[in-house]
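To keep things clear, I will list the structure first and then write my remarks on it.
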Amino acid sequence: MIRSIIPLIAVLLFFLEPVFSLFSPVNIGNDSYTLVPRFVIVYLIFIAVYYSRKHAFIYGIVLGLLYDMYHIDIIGLYAFLYPLICFIATLIIRQIHRHIVTVMFLALLLIIVLEVLSYFFASLVSLTSIGLDEFITGRLIPTIIANSIFVGMFGWFFKTLIFKRVIERQGETL
Amino acid sequence: MPRFFSNKRLILLLVGVIILVALISFSLKDRQNASLPEQVVKDVVGFGQSLFSKPALYITNVIGNIDGILNTYEENKHLKVRLSEYASGQAELADVKAENERLLEIVGKKDDLRVYDPVQATVISRNPDQWEEKIIIDKGEEHGIKKNMAVITANGLVGKVVLVTKFTSTVELLSTENRNFRVAAVVAGEKTYGLIEGYDRKRSELIMKRIDSSFEVKVGQKVITSGLGGIFPKGLLIGEVTEVSTDDYGLTKLAYIRPAADFSLLDHVIIAKRSSIVEGTDGDGSADTEGEDGS
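Protein chains in written order, with the numbering used here: chain F, 1 to 174; chain Y, 1001 to 1295.
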């Protein structure tokens, strides 16, 4: 039962991301702030940390490829970035305690890494010409704030769900 | 310190990276036409996406309606004043239209750059990593959409179609940083032609370039599409002039234009299918000389 829920939520989040990005950019006064929903990667980080790296990689590659083909028409960018982020997550989590709060902060940290990497790539292929300071104030910080709300709301839910799946799997192997 | 990679994994990783770099460079090279697997993915994901987007848009509409009801009294007072003006304007418009039709008939002119066939579409998603200003709509080849068609809202021009699959199409918004995005424009009621080229992020305004310096452009004038680019119909509102200056070389004038349409929170758009289509500046316009043709 829970076995099928885990990929289902990944797909659900994949479809919810563009719905939320319809509300962006947010204009406050004269400045516009771009909020980038990064729900899928948060979920993948939770899977990588609590469940299994292999599953996180597979979901990352599949969803990354779909993301590339559907949204940005540059195949291979997110198909590479998603598993890379999951890999970094597993490297870091070996060194620190898997408390829910630390995992949440880890997720936020890795969103920053992902945003910066995608910014570098976008500047490299000249999709954007914004400077580093504009990137940080107009995009990175609003994104982090918006995503921290998401992580705070659903982090605990993801953790309990994935734990249930881990317990279920242990039951299967016994 | 544990070893992160065994030899086998290292090779696997390297092969993976090579494949990805090859894929990225391949897809960067030809971004105008989607390959068959891409089209299939776009259609399938687009269908799933519309299942999520449409209810979400419905909910935002309901909230918008509630918001509208709260302002009803004020608005009603305001609109009643406008209504009398509207009625006389309407009568005049009908008269002028009939007159225009009659005159066109006398001249024997069949193709009109203004005539277009509107296709209603719903926005199903916006590119979530918003490096490019792209939205995806739920109408595609099957509904007669073609590349480079103009996309408008009730307020004015918002962008053009850049990629078409069977059931979806990708629209690039006017607020893009893409240098190849040009729209042949004209100041309404005058002969001041120019090209909308580029978007000033800081001011959130469009830049109209290559205006002949002998023409006078005033702040507050409306700018519309000229229809000379080949694909966009004539007379779609783009925006209002806010500032006029000369360009970098001092040869032509440059105007900043506040767009009439709002590029955020797009939900329903209209695709303008012009009846007579010719290749021109509205296309990809690789050579700059093509741009001169429009002005």
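Ideal placement from N, C-alpha and C gives every residue a C-beta, glycine not left out.
- Per DSSP, the beta-bridge partners of Y:L1195 are Y:A1184 and Y:K1209.
- Looking at Y:K1134, Y:I1066 and Y:F1047, the one whose alpha-carbon comes closest to that of F:L22 is Y:K1134.
- Against F:D73, the close residues of chain Y are S1027, R1031, A1034, E1038, L1163 and T1170, in the order they occur along the chain (beta-carbon pairs closer than 8 Å).
- The three-state secondary structure of F:N27, taken from DSSP, is strand.
- Beta bridge pairing from DSSP links Y:G1159 with Y:V1151 and Y:L1173.
- Residues of chain F with a Cβ closer than 7 Å to the Cβ of Y:I1207 do not exist, since the nearest Cβ in that chain sits about 14 Å away.
- DSSP, reduced to helix, strand and coil, places F:R169 within a helical segment of the structure shown.
- Looking from the CA of Y:P1128, the closest CA among F:A56, F:F14 and F:I6 belongs to F:F14.
- Distance from Y:D1262 to Y:N1155 at the Cβ level is roughly 7 Å; contact confirmed, criterion being Cβ atoms closer than 8 Å.
- Per DSSP, Y:V1223 is one residue of the beta strand (DSSP E) stretching across K1222 to T1225.
- Residue-level contact by beta carbon fails for F:A89 and chain Y, as no gap is shorter than 8 Å.
- Residue Y:K1147 holds the alpha-carbon nearest to the alpha-carbon of Y:Q1032 among Y:G1016, Y:G1046, Y:D1067 and Y:K1147.
- F:T137 places its beta carbon 8 Å or farther from that of F:V36.
- Taken in chain order, the members of the region 1171-1195 of chain Y whose beta-carbon sits within less than 8 Å of a beta-carbon on chain F are E1177.
- Among the residues facing chain F, Y:V1269 is not included, as its CB has no counterpart in that chain under 8 Å away.
- Among the residues of chain F, those whose CB is under 9 Å from the CB of Y:Q1130 are S21, S24, P25, T34, L35, V36 and R139, following chain order.
- Contacts with chain F at 8 Å (Cβ-Cβ) do not include Y:Q1090.
- Here Y:S1245 is bridged, per DSSP, to Y:L1254.
- Closest in C-alpha terms to Y:F1181, from the list Y:G1159, Y:I1137, Y:A1034 and Y:W1131, comes Y:G1159.
- Of the other Cβ atoms in all chains shown, fewer than 16 fall within 10 Å of the Cβ of Y:D1248; this residue is therefore exposed.
- Taking 8 Å as the upper bound for CB-CB distance, Y:P1233 and Y:V1115 are in contact here, some 7 Å apart.
- Interface flag for F:L127 against chain Y is set, since a Cβ pair is found closer than 8 Å.
- Secondary structure at Y:R1126: strand, using DSSP grouped into helix, strand and coil.
- Excluding sequence positions up to five before and after Y:R1210, its CB lies within less than 6 Å of the CB of G1194, L1195, T1252 and S1295, all in the same chain and listed in chain order.
- Excluding its 5 nearest sequence neighbours in each direction, Y:Q1049 has C-beta neighbours in its own chain below 6 Å: I1124 and S1125, listed in chain order.
- Per DSSP, reduced to three states, the secondary structure at Y:S1204 is coil, with no helix or strand assignment.
- For Y:A1098, no beta strand (DSSP E) run applies; the uninterrupted alpha helix (DSSP H) run containing it begins and ends at T1072 to V1107, by DSSP.
- A distance below 6 Å between beta-carbons, with the five flanking residues on each side excluded, links F:G64 to the following residues of its chain, in chain order: Y78, A79 and Y82.
- From the beta-carbon of F:L13, no residue of chain Y is found nearer than 8 Å; the closest lies around 11 Å away.
- Around the CB of Y:P1037, fewer than 16 other CB atoms lie within 10 Å, so the residue is classed as exposed.
- The C-beta distance from F:I85 to F:L127 rounds to 20 Å, too long to meet the 8 Å contact threshold.
- For Y:K1273, the uninterrupted beta strand (DSSP E) run begins and ends at H1268 to R1274, by DSSP.
- By the C-beta criterion, the region 1235-1242 of chain Y is judged to be in contact with the region 1187-1206 of chain Y, since at least 3 inter-stretch pairs fall below 8 Å.
- Out of F:F120, F:K54 and F:Y67, the CA that lies nearest to the CA of Y:V1041 is found in F:Y67.
- According to the DSSP assignment, Y:K1029 belongs to no beta strand (DSSP E) but to the alpha helix (DSSP H) extending over N1007 to K1029.
- If you draw a straight line from the Cα of Y:V1164 to the Cα of Y:T1153, it is about 19 Å long.
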